[in-house]
Structure formats: C-alpha cells, structure tokens
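So the sequences go chain by chain: A and B. Okay, so the first sequence: first residue is 0 according to numbering that gives the first Met the number 0, each after it adds one. Okay, so the second sequence: first residue is 0 according to numbering that gives the first Met the number 0, each after it adds one. Cβ coordinates follow ideal geometry from the N, Cα and C atoms, glycine included. On a predicted model such as this, the values are computed, not experimentally measured, just so you know.
Protein chains: 2
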Amino acid sequence: MPQLGLLPRRTWAALLSQLLRPPHSACIPAVGCHSQVAEAVLTSHLKPHQEKPNFIIKIPKGTRDLSPEQMVVREKILDMVVSCFKRHGAKGLDTPAFELKETLTEKYEENSGLIYDLKDQGGELLSLRYDLTVPFARYLAMNKLKKMKRYQVGKVWRRESPTIVQGRYREFCQCDFDIAGQFDPMIPDAECLKIICEILSGLQLGDFLIKMSWRDVRHEMVAKKGLSPEVADRIGEYAQCHGGISLIEQMFQDPRLSQNKQALEGLGDLKLLFEYLTLFGIAEKICFDLSLARGLDYYTGVIYEAVLLQTPTQIGEEPLNVGSVAAGGRYDELVAMFDPKGHKVPCVGLSIGVERIFSIVEQRMKTSFKKVRTTETQVFVATPQKNFLRERLKLIAELWNAGIKAEMLYKNDPKLLTQLHYCENTGIPLVVIIGEQEQKEGVIKLRSVASRKEVAIKRENLVAEIQKRLSES
Amino acid sequence: MPQLGLLPRRTWAALLSQLLRPPHSACIPAVGCHSQVAEAVLTSHLKPHQEKPNFIIKIPKGTRDLSPEQMVVREKILDMVVSCFKRHGAKGLDTPAFELKETLTEKYEENSGLIYDLKDQGGELLSLRYDLTVPFARYLAMNKLKKMKRYQVGKVWRRESPTIVQGRYREFCQCDFDIAGQFDPMIPDAECLKIICEILSGLQLGDFLIKMSWRDVRHEMVAKKGLSPEVADRIGEYAQCHGGISLIEQMFQDPRLSQNKQALEGLGDLKLLFEYLTLFGIAEKICFDLSLARGLDYYTGVIYEAVLLQTPTQIGEEPLNVGSVAAGGRYDELVAMFDPKGHKVPCVGLSIGVERIFSIVEQRMKTSFKKVRTTETQVFVATPQKNFLRERLKLIAELWNAGIKAEMLYKNDPKLLTQLHYCENTGIPLVVIIGEQEQKEGVIKLRSVASRKEVAIKRENLVAEIQKRLSES
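Written out as structure tokens, the structure is:
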C-alpha cells in the first residue's frame, strides 16, 4: 500500500516522531496499555479517600477526565480522522446527547439494557445515545433526506460493567462516517473500507487487517441469492483457508463453483467488491473471519472489523491485545423504522474506535518517556527587574494583538531565573526580555531558549522578527 | 482598539466576508434570528405528524440537530475561540458529561431544579453537568492541582422551560477559559477581560461592551475593605453616570473620595484592574451595570457580562436583541468545597456564549442568501463515457492517497452533465475527466469549474498539477 499523502502538519509529524517510535522498554504486558491509564484514574480517586474517609471526590464509574497531555494526543488523532472523512467529501452533523427513549427502543437487541435512561422529571422520557448510527438514521427520516454522506464525532454512553482495566469506558468517543442513499452496488461499501485503511495507515499504528464476517456473506448468498447451502459451505472452506482476494480468485478457478451459474451469481457482489478494493489498492488488507458476527440489530449485510497486527518487533516483547480499532457494515432497513411511510434509505458506514487508538498512542508515549507540550505558547514575556509589570503587560498585549501566542507570570516581581525555568519546563521556544536598559534604548531582548542566544531588537521591529523566527522554525 | 492579528485562515476570511456583511434585508425582527432556527426544527417535527398522526419522529424538547450548514459555521467560530484560548497559553481538558449527583449539589442555588438527573438504574446517582466550571473545580481538587490555566469546550444541559423561540436550548455548547491559582491581584482578572475582547473583536460581530456588576464591587468594598456604605454609594453615583475608566479618574479627582483614606484603599483593586485594562488597550470597553447580579452560587467577586451593541446600520432596521454573549467572574471558594481539607484555590474565568454567536452568524447568513459550502472537496472525478467506473475508481484512489479531497458519483455510468452540475451545486473547483481518448493518450483532462477551461495533463503529472492549482487558489 502506498504511503498515504495525508499532508500531516509539522506539529503532527513532530508529535508522531515522539510518540510512535518503537518503545524503549523491551517488554509490554498484554493489557498494560489500558491498566496504566486506569490506574492513574483510580489513584486520583483514592488519594482523598485515604486522607479523610468520609469525603470522597470521585467521578462516575467507567468515566474519566482527559488531562491536558491526553487532550493533545486526542486532538491530533481526531484531526487526522476528520481530515480523512473530509477528504472523502463528508459533511458534518451533530445530534443531541439524548434522544427520546422510544427512538432507541428495539435497535440494540440484547444490549438495550446498557442504555442510560434519564430520570423522569416530568415531560418526555429520554435516554443517552448509545451510538451515532441510530441518531443519524432518525435525522435522515425526520428531514426526509434520501441521500447524505456525513461524518460525526461525539460521545456515546453505555452502561457496561466497568472493566476499566481492559480499556472499556462507559462514556467514550465515536467517529463515524456513513453513506446513505440508493447507489450502484458496492461502490460506497468499497469506499468505507478504503477510509478505514487510510486512517489506520495514516495513524502509523502498525500493520492491520480488516476482517469480514463470513457468516453474513453466507447468509446473503443463501437467503438472498438462493445459493444452495452446500455450495455456500464449499466456498466457506476457501474462506477459512485464504484471504479475501485469493478466495475470489480460487473460487473462480474451481470448476465445481465456476461452472455453477447460481454460485457465480451469488458471488457477484462479493466479486465486485473485491474488484473495487483491488483498484483502491487495499484488497490484500481484507480477509474473512468465521467467528465474527453482528452485535447490533440494525445491520443487514456484511459487517467488518479492523484489527491491529501487533507483531513483536523486539525480542521478549509480547503482542499488545488491542482488539478491534474500527468496525462497520451495511444497514439498509434502519431509516425505514423512523419513516412514517416506511421508505427505505440504504446505508453503509464505519466507526473508528478512537478510544483504543488513544490508549495505544498514550502507552507508546509513556514508554518513550518523552514530554508532550500541552500548550502552544511561542513567546514568553520576561523581565530581570522589579517594577516592570506594567511594561510586560503592554508588551504582551502587543504580541496577543499580533496573533502571537504569549505568556507571562502573574507576579508583580518574578525572578528572572524562575521565568526562564518556566520556559524550559513548558517548552516555550522564545523569550522577550524588557528591563531598564532596554527601555532606555528602545529595544527588546529576544532570546532563544534552546541556544540561550540573545539579540537586541528595536521595539517596532519585534513582532516582525518574532513572526520571521516562528515561520522558520 | 487595534485590529487583532488573529491570523484568520483564508477559509475563515472567505466565510466571514459571506456571512458577516450587512444584511440585504432592511428589517430584522427583534427575535427573528432565533425563531427561524426553531421553526426549521419544529417544521421537520410536524411534517411526519401531519401525514400520519400516530407516528411522530421527534427530538427531545429544547434540543436540536446541527445541519451541515450549521456545523460549518460552528466549526469556524469554535476554531477562533479555541485559538484565542491557546494564544493565552491555556491547556485543554475534558470531563465526563455526567458527574455524581452530589458533585453538583449546592452549587447552583435556586437553579438546581434545572439539573438533569439520570435514572437510578442501580449503582451511583448521576446528573448531567450544568456547566463546565464545577467539573473543573472538582478536577482541580481531585488531582490536588494548585494552579492551572485551562480551556474546555463541551455541551452542558439545563432543564429550562423550552422557549426555543428566544434561542435558549436545553442542550448547548460552552467554551470556558479559567485561571486557577494564587497570583498577584487583578493580573489574571485583566487577562480574562482581554480574552473576551479579543474573541468578540476577532469574530467581527460589531461593537460590544463588557458590563461589570456594580453590586458586587460595592459589596467587596463595604464588606471586605470596610468602606462605609455612604462612601460606597457616593462612588455608585459615579458608576451610574460614567463608564469604567472615567469613573476611576473622576473618583480620584473628587476631594470627598480622594481625601478619604478608607475609600482609596477600598478602590485599590478596582484601580489596579483598570490600570491593567488600560495597558491592554481595553479599558474603554468596560463599564458598570447597576442591575447586573450574580446568578450562580459559586461566584465570590465581581462578575461581568459582555453584550453586543447592535446599532441599527440601515434605516428601519431594528436592533437585534441578542443579550449576553460572554460572562465570567471570580470564584475563590469553589475548589475548597471539593477538597477534603478545605484548601482554597482562587479561580477566575470566563465563558463564551457561543450558541448566541452561532444564532447571530446564522441569521446574517440567511439574510445574505449566500450558499455556504458544507464539504471541502477539491476535485471531482468524472467521465463522459460508459464503462469507465474502474478507471474512475483507480484515479480517485490516487488522489486520496496524495491527500487530495476528491469525490465521484456512486454510479456505474453517470451522465457528464449530471457530474458537472454536481460540481457547480456543491462548489467543487476542479474536475478531472477520463475517457477513451484520454486513456489512449495517457492524459487526464483537468477542468476548472469556474472558467470551464480544460487542459490535458499527463497522467503522471496530474497530482502535482492539482496541488499547484490548489496552492495558488
């Protein structure tokens, strides 16, 4: 697969080079990536408890705060996911966090017990959304839209047993892309698979595979195309042994199948899909999985799931058990459930499992022991002298007004060393220094934190000089 | 106030020029900006109802979906707000949508009835967050943080009477910036006011004013600094007549006050604040409001609110009643409520009323009758001939892999005119066309939708040529 030209911004490239290089540590425990995150949360829960048992500050079970460090990682990953969705022409959409309870009823089979209901405080009965798919279908039906290519990023809530140690949360973020509408077969389906490949390649998480549920393919062929179960199972033999594209090739070389008109027709859509996936250059990423089955009521066709292949790259390194990082499928009947006249709008879509991806990147970050900047401040305004607060305030306002990201200490008379340490600790690259001497001469000292070199710049040229330096770095 | 160098991206500038110019219509009703949004929602509720009374697709009262058009506006506005927060060195933070019920208890005075509780489904009692301030204070206490400059963007929920026509929703977005920590007086407070000014100037919403609650200033002076109520009320006479900075000047010229040592001391912080605001170049934006009072339990000092001054620019145009678009204040006691040992962490912060800002921009957009692009697609892949689906798929994958935003129709054999119309309707600037002739010659036709000019480009140079054109436009 070619290197995807995702045009990553310099910041992302820099972050990735910090975060995604092979870990220093030679051994990663199988579930370590999640348990450490969870531990941090649990520890912070417990500390106040240990000090004063009657007073416990907690957050709800199965939820977590995202610290500034985590937010930086999250923001970069979401940026990449959304930019891929936009590259494929998707429009944005937002829906409320809760829906009428009846909107969610009968959409999630045995999982409906996991839906969070709101208390009946008078008025409507409401539930927190369980995914972004049902609200999307409701939106299409409510607005009588017959086609739409949309993405949505948002939180969803599920009352799962809070096994935080395995990295599952009761509140988590979903990133969905869906294509609604009646189109020629398999073209939107192929694009959804292409999108998953672009995102997983772009994030440089390592090798991956997309597994299609064989059970659903078989069902499609037998129930809808009328292929005999025996022939379907013969095809299944191949599925078990071979990957996606080689499966198709082998089947058409097998005289028992290729001379069976019914079998050929039953395989038509699948063949078409793999033809398109080949043109997209991703056919070798897709294979069949005999154990995969639909978890949700609304899927009507083949479902798929993407898994990372964590081959140990260093001796003694155990493979990370990260599970599915993306999933999707076709749901042709869901919109009709919301339409008064039962009009169908066929849909196909995918969901990126960003929480798991966050966990992986976080884990790699921890193992690399590199510090991630949690602010973007470019310039610090400092003084070596007392009674220069007013000069600093005037100077920093000039920088802000010029769009420069700037900070100073909220102290009347901070020590110069304290100010310079702050820059080193937080990764601020430039310092402007104003003191008596500078004020007399109408200059400002501009200091590079890395090289510790200082030059005097005429006050009126300061903004231009800073902007020049920032554009070069 | 100087033009803020917010370095707006070209897209933002283009959007603004479309959206924020004076409306064509000569008359805007006072609440029209909200009622139209609401009508759109209500209409879509009612249509299915009219067709089949027993089957109503609805969303919860007081909530709304955001259409792709609305999402474009929202994204641009949030980008500008967040970039200002980052310019001031703030870190990102995220907290769960719900908190333990007890976390929110006794924080909102008579408003606590507006909190959404979750149903007791076994386990903890939970409530949806009412604002982003209380979760921030809980986060600080839980993690024993003594200082932090953070921003947070997220939804909050309030069970207000759903008067959608006035633009109030039960689910809405908040953008908060807060500075926690013990610092020298009035420096962080001044920065918060500066941030409000930068954001409101940067969004080009028209002139605005920040009103400080006089009642709280008086209370501070009398209760905390020991100023006699009579002297405080004498100061209040000025407050009523004059704006912020002139108030301070006049008071120090008045012998009754300037010769009163107690009065001078009581006014010390206020004088300091206005000195800093003057250095920031925003003192003339601040005035006092005798009617403004705290709405929330946790505020401990002066509160402020920013309002837009919608002076009618055209004859017959009524002023828009948009109310407060930003608010904030000091809350020095809130964190201690969550700390087992009652340790205080003084805080000051602000919240941008982005929902009202969205409404204003949306309204201007409607009045201007300009179409906003809801996708960012740069190139459309077309063919004039039948049986060219596979060629199109191969070509579009090349573009995606090069990071180019590209779309095609999901049809085997679409008509060329349909394809070109799609580009014109959705604002896609470039079309690449592949047909028999092009394939034979190893070229692709590149067409500009605006000029309708076509040139043949060697296939191997296509990506480079497209990237060149896009960087120039």
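Per DSSP, the bridge partner or partners of Leu307(B): As a first step, residue 307(B) must be located in the second sequence, where it is residue number 308. In the DSSP output, where bridge partners are listed per residue, Leu307(B) has Phe207(B).
Neighbourhood of Ile186(A) by C-beta, 8 Å cutoff - its chain only, sequence neighbours within 5 removed: For the purposes of this step, residue 186(A) is identified with residue 187 of the first sequence, where counting begins at 1. Within the same chain, Tyr275 come within 8 Å of Ile186(A) by CB-CB distance, once the 5 residues on both sides are set aside.
Under 9 Å between C-beta atoms of Ile114(B) and Arg167(B): As a first step, residue 114(B) is located in the second sequence; it is residue number 115 there, counting from the start. As a first step, residue 167(B) is located in the second sequence; it is residue number 168 there, counting from the start. If you check the CB distance, Ile114(B) and Arg167(B) do not come in under 9 Å.
Assigned secondary structure, Lys270(A) (DSSP; H/G/I helix, E/B strand, else coil): Your numbering for residue 270(A) matches position 271 in the first sequence. Correct three-state label for Lys270(A): helix.
Given 8 Å, three or more beta-carbon pairs between the segment 115 to 135 of chain A and the segment 90 to 102 of chain A: Yes, they touch.
Of the listed residues Met336(B), Leu278(B) and Lys439(B), nearest to Thr132(B) (C-alpha basis): Counting from 1 along the second sequence, the entry for residue 132(B) is found at position 133. Checking every option, the nearest Cα to that of Thr132(B) belongs to Met336(B).
Residue environment, Asp215(A), which counts as buried when at least 16 other CB atoms sit within 10 Å: Within the first sequence, residue 215(A) is the residue found at index 216, counting from 1. Classification of Asp215(A): buried, given that the 10 Å Cβ count is 16 or more.
Contact set for Glu390(A): own chain, Cβ-Cβ below 6 Å, skip 5 residues either direction: Within the first sequence, numbered from 1, the residue matching residue 390(A) stands at position 391. Ile433, listed in sequence order.
The segment 342 to 361 of chain A contacting the segment 394 to 408 of chain A, beta-carbon criterion three pairs below 8 Å: Between the segment 342 to 361 of chain A and the segment 394 to 408 of chain A, the count of C-beta pairs closer than 8 Å stays below three; the two stretches do not touch.
Closer than 8 Å at the beta carbon, the chain B residues around Phe337(A): Locating residue 337(A) in the first sequence gives position 338, counting from the first residue. Ordered by position in chain B, the residues that pass the 8 Å Cβ test against Phe337(A) are Ile56.
Buried/exposed call for Lys232(A), threshold 16 Cβ in 10 Å: Taking the first residue of the first sequence as 1, we reach residue 232(A) at position 233. Per the sequence shown, residue 232(A) should be read as Asp rather than Lys. Asp232(A) is exposed by the Cβ-count criterion.
Listed by chain order, chain A residues near Asp215(B) by CB distance under 7 Å: Counted from its first residue, the second sequence places residue 215(B) at position 216. Here the premise fails: no neighbours, minimum Cβ distance about 22 Å.
CA nearest to the CA of Thr299(A), picked from Lys223(A), Glu170(A) and Leu408(A): Position 300 of the first sequence, counted from the start, is the residue given in the question as residue 299(A). Ranking the options by Cα distance to Thr299(A), first place goes to Lys223(A).
Helix, strand or coil at Phe287(B) [DSSP, three-state]: As a working mapping, residue 287(B) is identified with position 288 in the second sequence. Phe287(B): strand per DSSP, three-state reduction.
Within chain A, partners of Glu471(B) - CB distance below 9 Å: Mapped onto the second sequence, residue 471(B) falls at position 472. None at all; the shortest Cβ gap to chain A is about 16 Å.
Three-state secondary structure (DSSP) of Asp232(A): Numbered from 1 along the first sequence, position 233 holds the residue referred to as residue 232(A). Note: Asp232(A) maps to helix in three-state DSSP.
Interface residues of chain A facing Lys410(B) [CB-CB closer than 9 Å]: To locate residue 410(B), count along the second sequence from 1; it is residue 411. Lys410(B) reaches chain A at Phe182, Asp183 and Ile186, counting residues in chain order whose Cβ is nearer than 9 Å.
Status (buried if at least 16 other CB within 10 Å, exposed otherwise) for Gln377(B): In the second sequence, the residue the question calls residue 377(B) occupies position 378. Buried, since its Cβ has 16 or more Cβ neighbours within 10 Å.
DSSP three-state assignment for Pro212(A), whether helix, strand or coil: Here residue 212(A) refers to the residue found at position 213 of the first sequence. Residue 212(A) is actually Ser in this sequence, not Pro. The answer is strand: DSSP assigns Ser212(A) an E or B state.
Nearest-angstrom Cα separation, counted from Leu103(B) out to Ile27(B): Within the second sequence, numbered from 1, the residue matching residue 27(B) stands at position 28. Within the second sequence, numbered from 1, the residue matching residue 103(B) stands at position 104. No answer about Ile27(B) holds up, because its pLDDT of 32 lies below 50 and its placement is not dependable.
Cutoff 9 Å: Gln120(A) Cβ touching any chain B Cβ: As a first step, residue 120(A) must be located in the first sequence, where it is residue number 121. So yes, Gln120(A) belongs to the interface.
Backbone CA spacing between Lys270(B) and Val230(B) [nearest angstrom]: Along the second sequence, one-based indexing puts residue 270(B) at 271. Along the second sequence, one-based indexing puts residue 230(B) at 231. Whole-angstrom Cα-Cα distance: 16 Å.
Backbone CA spacing between Glu354(B) and Ala140(A) [nearest angstrom]: Numbered from 1 along the second sequence, position 355 holds the residue referred to as residue 354(B). Numbered from 1 along the first sequence, position 141 holds the residue referred to as residue 140(A). About 26 Å.
Outcome for Thr417(A) when other beta-carbon atoms lying within 10 angstroms are tallied against a minimum of 16: In the first sequence, counting from the first residue as 1, residue 417(A) sits at position 418. Under this definition Thr417(A) is an exposed residue.
CB contact check: Gln69(A) to chain B, cutoff 9 Å: Taking the first sequence and counting its residues from 1, the one referred to as residue 69(A) is at position 70. Yes, Gln69(A) counts as interfacial toward chain B.
Min CB distance Gly280(A) to chain B below 9 Å: On the first sequence, position 281 is the one that residue 280(A) refers to. For Gly280(A), a Cβ of chain B is located within less than 9 Å of the residue's own Cβ.
According to DSSP, residues forming a beta bridge with Glu406(B): Mapped onto the second sequence, residue 406(B) falls at position 407. Beta-bridge pairing by DSSP links Glu406(B) to Phe379(B).
The segment 363 to 373 of chain A touching the segment 62 to 82 of chain B, judged by at least three CB pairs closer than 8 Å: Not touching, per the Cβ criterion.
Rounded separation between Lys154(B) and Asn424(A) - CA only: Numbered from its first residue, the second sequence carries residue 154(B) at position 155. Numbered from its first residue, the first sequence carries residue 424(A) at position 425. When rounded, the distance between both Cα atoms is 32 Å.
Whole-angstrom distance between Pro59(A) and Gln452(A), CA atom to CA atom: Locating residue 452(A) in the first sequence gives position 453, counting from the first residue. Locating residue 59(A) in the first sequence gives position 60, counting from the first residue. Checking the sequence, you will find Lys at residue 452(A) rather than Gln. Taking the CA atoms as reference points, Lys452(A) sits about 50 Å from Pro59(A).
Proximity test, Cβ basis, 9 Å: Thr62(B) and chain A: As a position in the second sequence, residue 62(B) is number 63, starting the count at 1. For Thr62(B), the answer is yes, since a Cβ of chain A falls inside 9 Å of its Cβ.
Nearest to Tyr409(A) (by Cα), restricted to the options Gly88(B), Arg128(B) and Arg73(B): If you number the first sequence from 1, residue 409(A) lands on position 410. Checked all of Gly88(B), Arg128(B) and Arg73(B); the closest Cα to Tyr409(A) is Gly88(B).
Extent of the continuous beta strand (DSSP E) run through Phe176(A): As a working note, residue 176(A) is residue 177 in the first sequence. Taken as a continuous stretch (DSSP letters only), the beta strand (DSSP E) holding Phe176(A) covers Glu170 to Ala179.
Under the three-state DSSP convention, the category Ala480(B) falls into: Because chain B in this structure spans residues 0 to 472, residue 480(B) falls outside the shown range and cannot be described.
Chain A contact for His44(B) (CB, 9 Å cutoff): The sequence position of residue 44(B) within the second sequence is 45, counting from 1. At His44(B) the pLDDT is 35, less than 50, meaning the model places this residue with poor confidence and gives no usable figure here.
Beta-carbon separation (whole angstroms), Asp188(A) vs Arg329(A), contact threshold 8 Å: The sequence position of residue 188(A) within the first sequence is 189, counting from 1. The sequence position of residue 329(A) within the first sequence is 330, counting from 1. The beta-carbon separation of Asp188(A) and Arg329(A), rounded to 7 Å, stays under the 8 Å limit for a contact.
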